[in-house]
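Note sheet for the following structure.
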């Protein structure tokens with residue numbers, strides 16, 4: 001037991017290295033900071049940037065909040081960036097509570113509040129756009145917080161994070177906050193190269209311990225035994241899963257499968273079990289929106305109620321307050337009353353198809369502990385702070401848009417990271433629902449693997465290219481792109497390949513020495529031998545192709561009843577053609593035959609190395625049934641009687657007749673006359689030569705791989721610049737007026753958008769028609785392969801959409817000429833919905849019409865409309881002088897900004 005004096009000395013020691021800012025910052029919290037938080041804060045106060053990689057819920061944001069505090073202490077600005085608007089809104093509200101509205105601003109695609117404040121919360125894209133525009137708001141910026149920086153691995157948006165990190169002024173200190181990644185040191189090393197001194201702090205200890213379980217037949221079993229230091233799989237669980245497999249795989253007396261008594265439990269039963277075990281609140285991850293909605297209904301119909309009367313009253317009050325801005329007719333369409341009833345029972349779904357306002361209410365109620373069971377898609381795991389006591393995972397595979405793929409250890413860690421609320425729960429719980437075929441060993445593998453590497457998704461774009469060239473010139477822009485994390489990782493990979501390449505080159509020198517001949521140049525001699533071997537193989541291949549073609553022609557001439565001889569293989573011998581099997585797809589005929597052993601077989605051209613000729617003809621009975629053994633035997637007997645004792649001779653064989661070839665004759669002459677031909681050790685040298693040439697081929701392959709990864713980003717940039725020059729957006733080092741317009745367009749199809757503007761395609765369109773056309777540049781169907789032909793507005797909008805598709809095809813051709821493929825085809829699926837909403841049609845009518853014949857989810861609708869409005873706003877700013885586009889785009893946005901779209905929460 002320590003004395004008061006010892007405890008005071010420890011307290012002094014703990015605070016001894018704190019600067020003034022950190023000491024005052026500690027006073028803002030009613031809990032002690034963790035060691036990793038203190039280390040990161042000290043590094044920031046000492047003037048370093050920091051990368052903090054720690055588990056979900058560990059309190060990384062405290063480091064970001066210290067950067068804010070430090071900026072205010074020093075009279076400088078801090079930008080706090082997040083990947084999604086919901087996170088920006090949440091962080092804005094947190095900071096307003098601490099510092100007041102005068103000191104905190106918010107900039108997202110939807111909201112602009114006090115943008116010149118010393119603290120501004122924004123989405124990462126907003127900061128990227130500021131940097132390219134050289135915004136005056138950047139003046140006085142001292143710190144930038146990049147929350148969820150691991151988003152730079154995102155295939156669609158990840159490049160934005162790297163652009164910001166590379167282009168932030170050198171004087172800005174960066175606080176990068178990341179989930180646990182296995183290559184944090186590599187990422188930190190790159191940050192050090194591009195941003196200067198960066199302290200990397202990795203904390204892998206969860207603030208709340210996590211217990212792993214599996215649920216089978218309504219019972220929860222621990223996944224691991226913890227009776228010693230090394231965790232091992234629970235043997236009881238292994239036995240129970242084996243018994244369950246037998247039950248589900250067993251068969252009844254008639255051979256039908258028994259109902260699976262040990263199959264996955266009903267979702268309502270799972271919630272009841274968790275409630276009974278004291279494991280609520282819980283998030284159940286279901287990798288399907290429809291599955292989430294169905295789960296809530298199952299619990300509703302099962303009569304589950306998880307709330308008290310007081311909680312129900314509080315829920316109703318908050319729900320009515322948060323949705324008061326939404327029109328009654330829209331609420332009716334959205335199933336408001338049933339949704340509120342479920343919330344009052346403590347149940348909710350959470351997925352991207354929900355209205356943003358509804359999702360925000362669910363998040364707030366769950367965080368307050370009023371909603372106890374949420375059924376969510378995996379997007380929640382990447383979103384806002386919404387921890388639970390338990391996380392339930394229904395399946396270990398999910399649909400990724402192309403196929404059902406197994407969960408990776410990184411995805412599993414991300415999902416289960418929500419379990420355990422700091423300061424509330426002593427421990428968190430992850431429960432995997434057992435399904436037939438699920439092995440506890442595979443679950444244990446996911447739970448115990450800590451491999452989640454951060455991989456860059458950075459690629460230069462057309463907008464990026466014109467902005468960089470405009471600001472820095474082409475050479476400096478290329479050098480900046482070489483600093484990307486993508487190139488850093490590629491160069492790291494090249495280091496290993498280059499080392500292997502050096503080893504190969506050293507071995508080649510040794511092989512060359514071993515094949516040295518005292519009579520002459522053995523490299524030259526072995527080269528002649530190789531050329532002879534290659535030429536002989538080439539001629540043999542040509543003769544084989546001629547023979548195969550002749551065999552195919554002979555098979556195509558066969559008729560039913562022809563008796564043929566199969567020359568070799570398992571089917572060798574006489575056979576009667578039942579069906580010639582001509583293949584209209586051009587893969588060669590596949591005749592169906594009856595063999596002399598009374599078997600029906602299908603042949604193909606590979607069975608005939610030489611052309612086949614009928615040796616007899618039989619009449620096949622009109623109603624011949626090849627499946628009847630007796631009929632097959634009768635037909636074979638007829639064949640044998642007709643052939644009798646006739647001598648059919650030996651079957652034809654494929655023969656390669658010597659072909660006079662001048663090149664072969666010349667090579668043989670030169671080989672015989674070469675000095676090395678008379679060497680006693682000639683074949684010994686030849687074996688070393690073969691090894692030499694084999695290794696040389698491998699070495700060339702390695703060299704190509706090294707060249708392919710070296711300067712890959714700058715090579716892509718050069719190709720993009722070549723396209724921009726051809727189209728007139730760049731003139732060598734200068735950005736043209738059209739290029740400057742392109743520089744103001746931030747969308748995936750930036751070049752196509754700029755070309756549509758330049759060509760005047762949209763000049764004479766009405767607002768709703770413009771909305772329909774521009775929607776094709778932002779929308780992407782979720783299930784394009786199953787989609788019907790999209791419905792589009794007739795008249796001028798249809799003509800413009802057709803012209804846009806033609807323009808895309810032309811750009812695709814130009815890209816192909818330059819070795820690029822970056823522009824996807826415009827997707828017309830949302831055009832009708834955008835047109836009708838802008839025209840003033842009701843939400844009910846627009847959602848019912850949907851996309852490509854499928855009803856549209858309210859959340860998807862709002863998200864696409866907001867992205868469309870964002871691009872329309874950009875078009876207004878980028879349109880040429882005197883263009884009608886600006887006015888038309890503004891009118892279109894006014895037409896769309898109503899009802900559920902107009903509502904934007906800052907709560």
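In this note's numbering, the protein residues as written are 1 to 907.
Ideal Cβ placement from N, Cα and C applies to all residues, glycine included.
A quick note: this is a predicted structure, and the numbers were derived from the prediction, not measured.
What do you reckon, are the CB atoms on residue 751 and residue 888 nearer than 8 Å?
-> What you label residue 751 is simply residue 751 of the chain shown in a count that begins at 1. What you label residue 888 is simply residue 888 of the chain shown in a count that begins at 1. Cβ distance not < 8 Å, so residue 751 and residue 888 don't count as in contact.
CB of residue 348 within 8 Å of CB of residue 319, strictly | Sequence index remark: in the chain shown, residue 348 carries index 348 (1-based). Sequence index remark: in the chain shown, residue 319 carries index 319 (1-based). The answer is no: Cβ separation not under 8 Å.
Among 353, 358, 345 and 807, nearest to residue 289 - alpha-carbon criterion = As a first step, residue 289 must be located in the chain shown, where it is residue number 289. That would be 353, whose Cα lies nearest to the Cα of residue 289.
Residue 386 versus residue 728 - alpha carbon distance | Your numbering for residue 386 matches position 386 in the chain shown. Your numbering for residue 728 matches position 728 in the chain shown. About 49 Å.
The alpha helix (DSSP H) enclosing residue 276, as first and last residue numbers = As a first step, residue 276 is located in the chain shown; it is residue number 276 there, counting from the start. Here the alpha helix (DSSP H) through residue 276 covers 267 to 276.
DSSP beta-bridge partners for residue 517?
-> Sequence index remark: in the chain shown, residue 517 carries index 517 (1-based). Residue 517 pairs with 520.
Residue 737: first and last residue of the uninterrupted alpha helix (DSSP H) it sits in = Residue mapping note: residue 737 aligns to position 737 of the chain shown, counting from 1. Where residue 737 is concerned, the enclosing alpha helix (DSSP H) stretches over 737 to 742.
Cα-Cα separation between residue 510 and residue 691, rounded to whole angstroms = Reading the chain shown from its first residue, position 510 is the one you call residue 510. Reading the chain shown from its first residue, position 691 is the one you call residue 691. Using only the alpha carbons, I get a separation of about 11 Å.
Give the range of the beta strand (DSSP E) segment to which residue 78 is assigned.
-> As a first step, residue 78 must be located in the chain shown, where it is residue number 78. Here the beta strand (DSSP E) through residue 78 covers 77 to 82.
Going by alpha carbons, who is nearest to residue 278 out of 293, 505 and 389?
-> Mapped onto the chain shown, residue 278 falls at position 278. Taking only the C-alpha atoms, the option nearest residue 278 is 389.
Enumerate in chain order the residues of its own chain whose CB-to-CB distance from residue 314 is below 7 Å, with the five nearest sequence positions on each side excluded.
-> To locate residue 314, count along the chain shown from 1; it is residue 314. For residue 314, where only same-chain residues beyond five positions count, the Cβ hits under 7 Å are 370.
Which same chain residues, not among the five before or five after residue 188, have their C-beta less than 7 Å away from its C-beta?
-> Residue mapping note: residue 188 aligns to position 188 of the chain shown, counting from 1. The answer, listed in chain order, is 51, 198 and 200.
What separation, rounded to the nearest whole angstrom, lies between the Cα atoms of residue 504 and residue 431?
-> Your numbering for residue 504 matches position 504 in the chain shown. Your numbering for residue 431 matches position 431 in the chain shown. Going from the Cα of residue 504 to the Cα of residue 431 covers about 51 Å.
In angstroms, rounded to a whole number, what distance separates the CA positions of residue 393 and residue 149?
-> As a working mapping, residue 393 is identified with position 393 in the chain shown. As a working mapping, residue 149 is identified with position 149 in the chain shown. Spanning the two alpha carbons is a distance of roughly 26 Å.
In angstroms, rounded to a whole number, what distance separates the CA positions of residue 559 and residue 539?
-> For the purposes of this step, residue 559 is identified with residue 559 of the chain shown, where counting begins at 1. For the purposes of this step, residue 539 is identified with residue 539 of the chain shown, where counting begins at 1. For residue 559 and residue 539, the distance between alpha carbons rounds to 33 Å.
For residue 220: DSSP bridge partner residues = Locating residue 220 in the chain shown gives position 220, where the first residue counts as 1. According to DSSP, which records beta bridges pairwise, residue 220 is partnered with 215.
Separation of residue 458 from residue 711, as counted between CA atoms | Working through the chain shown from its first residue, we reach residue 711 at position 711. Working through the chain shown from its first residue, we reach residue 458 at position 458. Going by the C-alpha atoms only, they are around 13 Å apart.
Ordered along the chain, which non-local residues of its own chain (more than five positions away) have a Cβ less than 6 Å from that of residue 772?
-> Walking along the chain shown from the start, residue 772 turns up at place 772. The residues are 793, 797, 831, 834 and 835.
Quick one: Cα of residue 687 to Cα of residue 699, how far?
-> Here residue 687 is taken as the residue at index 687 of the chain shown, counted from 1. Here residue 699 is taken as the residue at index 699 of the chain shown, counted from 1. Going by the C-alpha atoms only, they are around 18 Å apart.
Among 594, 206, 331 and 376, which one has its Cα closest to the Cα of residue 428?
-> On the chain shown, position 428 is the one that residue 428 refers to. Minimum Cα distance to residue 428 is reached at 206.
In chain order, what residues of the same chain have a beta carbon less than 6 Å from the beta carbon of residue 215, not counting five sequence neighbours either side?
-> The residue you call residue 215 lines up with position 215 of the chain shown. Cβ within range, chain order: 431 and 433.
Can you grab the Cα-Cα spacing for the pair residue 760 / residue 721, in whole Å?
-> The sequence position of residue 760 within the chain shown is 760, counting from 1. The sequence position of residue 721 within the chain shown is 721, counting from 1. Their backbone Cα atoms lie some 24 Å apart in a straight line.
Residues that DSSP places opposite residue 562 in a beta bridge = Position 562 of the chain shown, counted from the first residue, corresponds to residue 562. Residue 562 is bridged to 617.
Classification of residue 901 by the beta-carbon crowding that lies within 10 angstroms, buried from 16 upward = Within the chain shown, residue 901 is the residue found at index 901, counting from 1. Its Cβ being crowded by 16 or more others within 10 Å, residue 901 is buried.
Rounded to a whole number of angstroms, what is the C-alpha to C-alpha distance between residue 88 and residue 81?
-> Numbered from 1 along the chain shown, position 88 holds the residue referred to as residue 88. Numbered from 1 along the chain shown, position 81 holds the residue referred to as residue 81. The alpha-carbon atoms of residue 88 and residue 81 are separated by roughly 7 Å.
Return helix, strand or coil for residue 579, following the three-state DSSP convention.
-> The sequence position of residue 579 within the chain shown is 579, counting from 1. Looking at residue 579 - three-state DSSP - the assignment turns out to be strand.
Identify every residue that forms a DSSP beta bridge with residue 390.
-> Against the chain shown, residue 390 aligns to sequence position 390. Answer by DSSP bridge pairing, in chain order: 282 and 429.
Confirm, please, whether the CB-CB distance from residue 671 to residue 468 is below 8 Å.
-> Taking the first residue of the chain shown as position 1, residue 468 is located at position 468. Taking the first residue of the chain shown as position 1, residue 671 is located at position 671. Contact: no.
Residue 684: which of 616, 635, 695 and 526 sits nearest, CA to CA?
-> Position 684 of the chain shown, counted from the start, is the residue given in the question as residue 684. For the residues 616, 635, 695 and 526, the minimum Cα distance to residue 684 belongs to 526.
Could you say which of 489, 610 and 810 lies nearest to residue 183 if we only look at CA atoms?
-> Walking along the chain shown from the start, residue 183 turns up at place 183. Taking only the C-alpha atoms, the option nearest residue 183 is 489.
Would you tell me roughly how many angstroms separate the C-alpha atoms of residue 37 and residue 866, rounded to the nearest one?
-> The count along the chain shown starts at 1 and reaches residue 37 at position 37. The count along the chain shown starts at 1 and reaches residue 866 at position 866. Spanning the two alpha carbons is a distance of roughly 37 Å.
Counting pairs of Cβ atoms below 8 Å between the segment 841 to 857 and the segment 329 to 341, do you hit three or more?
-> yes
Proximity to residue 121 [Cα-Cα], best of 105, 114 and 872 = By one-based count along the chain shown, residue 121 stands at place 121. It is 105 whose Cα lies nearest to the Cα of residue 121.
Exposed or buried, what is residue 768 when buried is set at 16 or more other beta-carbons lying within 10 Å of its beta-carbon?
-> Locating residue 768 in the chain shown gives position 768, where the first residue counts as 1. Classification for residue 768: buried.
Can you have a look at residue 424 and say buried or exposed, based on whether 16 or more other CB atoms are within 10 angstroms of its CB?
-> Reading the chain shown from its first residue, position 424 is the one you call residue 424. With fewer than 16 Cβ atoms within 10 Å of its Cβ, residue 424 is classed as exposed.
Alpha carbon to alpha carbon, how far is residue 158 from residue 83? Give it in angstroms, no decimals.
-> The residue given as residue 83 occupies position 83 in the chain shown. The residue given as residue 158 occupies position 158 in the chain shown. Going by the C-alpha atoms only, they are around 10 Å apart.
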